[in-house]
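Q: Sharing a structure, written as structure tokens. Questions coming.
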Amino acid sequence: MALKFGLAIMNDFPPDVVPADRIAAMREQVRAARDAGISSIWVLQHYLGNMPTLQPVPILSALAQDAGDMMLGTNMFILPLHHPVQVAEDFATLDHITGGRVIAGFGMGYRENEFESFGVPMDQRVARFEESVELIRRLWSGERVTFEGTHYAVRDQHISLTPVQQGGPQIWIGAGPHKKGAQRAARLGDAWIVPPHASPEKLKVVLGHYQAERERLGRGPSELVARRELLLDRDAGRARELGLRYRGALTRKYAEFNAPEQGENYRHLSTEQAAVEVADASYLFTDPEGAVRALKELESQGLTYIVLRAQWYDTPQEQVLATLELFKNEVLPAFR
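For any residue, its number in my numbering is found by taking its place in the sequence shown, counting from 1, and adding 2.
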């Protein structure tokens with residue numbers, strides 16, 4: 003089975019940008035990804051941040067007409083901040099708008115200001131997340147549901163809008179690259195999206211935990227998914243320089259928010275030097291040949307799906323389109 007690729011479309015912008023002015027450029031990127039043979043597009047979620055952010059379900063609805071047959075996913079939708087009944091209905095609506103092409107990427111979130119402002123205690127993240135996934139799946143079945151959890155209760159109700167996809171969209175879990183995250187993703191998800199800062203060595207370890215837990219639970223094989231940052235140029239040195247500049251600007255903005263799990267999993271947010279080391283170990287800031295080599299290595303580890311991001315902070319549109327053109331012509335053919 004050929005390695006598949008997704009593209010994360012930037013939907014959080016520098017503070018001086020009016021996102022309304024970027025919608026046409028986002029549509030252009032979606033069409034370029036579609037024409038390049040990319041299988042899916044993805045957008046993220048944050049609230050009350052330091053970058054104006056278009057919320058994922060509405061923007062995916064708007065981009066669906068440009069996406070052709072591509073799947074549309076959230077990477078990640080912050081599940082514990084929302085009531086699962088609303089999430090089930092909203093994603094079912096998106097599934098109808100797109101003709102059954104939705105992947106529900108659910109994450110736990112990590113920014114304290116979001117949880118405090120929503121009135122959700124940070125220490126309830128895991129419990130709310132796990133209850134929500136179970137309740138959403140049961141609602142998507144279309145059957146009548148009685149559910150009594152610690153945080154959510156539904157008594158003899160059924161969803162008003164059964165999703166187009168039988169049983170509802172696949173749920174891909176966002177979790178940190180550590181044993182506990184791997185096991186949670188194996189238990190709850192149809193796949194796990196491993197964050198982009200996990201090195202090839204770390205990927206091998208955590209995907210081992212993930213697969214072992216799926217086997218222990220008697221769950222079948224799943225897509226093995228990792229994210230990677232991508233900037234291509236025929237000059238590998240120039241690609242690295244530009245990638246570090248644009249991704250570094252985003253990293254500095256993200257680092258203004260605290261992370262609950264300090265240490266190795268958030269090392270890329272700690273210092274400029276750490277960010278460079280993570281980029282050199284894990285990101286694809288290189289020429290097309292270098293990208294093929296790195297992606298072939300991931301494929302040899304058993305990965306089946308790579309979600310790429312080619313724009314951060316103030317990366318110009320021309321750079322994104324140039325990366326996608328090189329990817330289409332000189333990288334993708336190596337995987338077809």
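Virtual Cβ for every residue (Gly too), placed ideally from N, Cα, C.
Please read these numbers as outputs of a predicted model, since none were measured by experiment.
Could you tell me the alpha carbon to alpha carbon distance between V19 and R221, rounded to whole angstroms?
A: Cα to Cα, V19 sits roughly 45 Å from R221.
Q: Is DSSP giving F120 helix, strand or coil here?
A: DSSP places F120 in helix when its eight states are reduced to three.
Q: Identify whether G8 lies in helix, strand or coil by the three-state DSSP scheme.
A: Three-state DSSP puts G8 in a strand.
Q: In terms of alpha-carbon separation, which member of I308, E274, L252, G304 lies closest to L286?
A: Checking every option, the nearest Cα to that of L286 belongs to I308.
Q: State buried or exposed for P290, treating a residue as buried only when at least 16 other CB atoms are found within 10 Å of its CB.
A: With 16 or more other Cβ atoms within 10 Å, it is buried.
Q: Tell me whether R29 sits in a helix, a strand or coil according to DSSP, three-state version.
A: Of the three classes helix, strand and coil, the one that applies to R29 here is helix, per DSSP.
Q: Suppose the cutoff is 7 Å on Cβ atoms and the five residues either side in sequence are ignored; what does the same chain contact list for A281 look like?
A: So the qualifying residues of the chain are G245, L246, R249, F287.
Q: Measure the CB-CB distance between A336 and L326 and report whether it falls below 8 Å.
A: No, these two residues do not count as a Cβ contact at 8 Å.
Q: Quick one: what's got a C-beta closer than 7 Å to F50's C-beta in the same chain, skipping five residues either side?
A: For clarity, residue 50 is Leu in the given sequence; the question names Phe instead. Only N115, E116, S119 meet the Cβ criterion.
Q: Starting from the C-beta of T152, find all residues in its chain whose C-beta is less than 8 Å away, skip the five residues before and the five after it, and write them out in chain order.
A: For T152, where only same-chain residues beyond five positions count, the Cβ hits under 8 Å are A129, E133.
Q: Going by DSSP in three states, G101 sits in which element: helix, strand or coil?
A: G101: coil per DSSP, three-state reduction.
Q: In chain order, which continuous runs of the beta strand (DSSP E) of length 3 or greater are located wholly inside the segment 139 to 220?
A: Runs found: 147 to 150, 155 to 159, 172 to 176, 193 to 196.
Q: With H, G and I counted as helix, E and B as strand and the rest as coil, what does DSSP make of I40?
A: Coil at I40, not helix or strand.
Q: In angstroms, rounded to a whole number, what distance separates the CA positions of W174 and D235?
A: Approximately 31 Å between the Cα atoms of the pair.
Q: State the start and end residues of the unbroken beta strand (DSSP E) segment that holds E301.
A: No beta strand (DSSP E) holds E301; the alpha helix (DSSP H) holding it covers 290 to 302.
Q: With DSSP as the reference, identify every bridge partner of I61, one or two as the case may be.
A: DSSP, once it has assigned bridges, lists no residue as partnering I61.
Q: Whose C-alpha, out of G176, L190, Q185, is nearest the C-alpha of M198?
A: It is worth fixing the name first, because residue 198 is Pro in this sequence and not Met. Among G176, L190, Q185, the Cα nearest to that of P198 belongs to G176.
Q: Do you know whose CA, among D71, S143, L190, F108, lies nearest I99's CA?
A: Here the closest residue by C-alpha is D71.
Q: Which residue marks the beginning of the beta strand (DSSP E) containing A2, and which one marks its end?
A: Beyond the ends of the chain as shown, which are 3 and 338, falls residue 2; an answer cannot be given.
Q: Across which residues does DSSP place Y248 in a beta bridge pair?
A: For Y248, which the question treats as bridged, DSSP gives no partner whatsoever.
Q: For the 8 Å Cβ check, are there 3 or more pairs between the segment 156 to 163 and the segment 215 to 229?
A: The segment 156 to 163 is not in contact with the segment 215 to 229.
Q: Residues in its own chain within less than 6 Å of E304 by CB, not counting five upstream and five downstream?
A: Residue 304 is actually Gly in this sequence, not Glu. Cβ within range, chain order: L226.
Q: With DSSP run on the structure shown, which of helix, strand or coil describes T76?
A: Correct three-state label for T76: strand.
Q: May I ask you to report which of helix, strand or coil DSSP gives G222?
A: Looking at G222 - three-state DSSP - the assignment turns out to be coil, as it is neither helix nor strand.
Q: Here's a check: name, in chain order, each residue in its chain whose Cβ is nearer than 6 Å to the Cβ of M73, leaving out the five neighbours to either side.
A: Correct list, in chain order: S42, R103, I105.
Q: Rounded to the nearest angstrom, what separates L209 and S224 at their Cα positions?
A: If you take the alpha carbons of L209 and S224, they lie about 11 Å apart.
Q: Determine the extent of the alpha helix (DSSP H) in which V280 is found, giving its start and end residues.
A: Start and end: 274 to 284.
Q: Suppose contacts are defined by Cβ-Cβ distances below 8 Å. Is F259 in contact with A38 by that definition?
A: No, these two residues do not count as a Cβ contact at 8 Å.
Q: Quick one: what's got a C-beta closer than 7 Å to P21's C-beta in the same chain, skipping five residues either side?
A: The answer, listed in chain order, is F15, P54, L56.
Q: For L205, which option in A188, R189, H180 has the closest C-alpha, if you only look at C-alpha atoms?
A: Selected option, being the one with the closest Cα: H180.
Q: Thinking C-alpha only, which one of Y154, T273, T76 is nearest V59?
A: Per the Cα distances, T76.
Q: Within a Cβ cutoff of 7 Å, which residues of the same chain sit near D192, ignoring the five residues on either side of it in sequence?
A: Counting only Cβ-Cβ distances below 7 Å, and skipping sequence neighbours, we find Q172, I173, W174, S224.
Q: Below 8 Å between beta carbons: does that hold for A200 and A228?
A: In this structure, A228 lies closer than 8 Å to A200 by Cβ.
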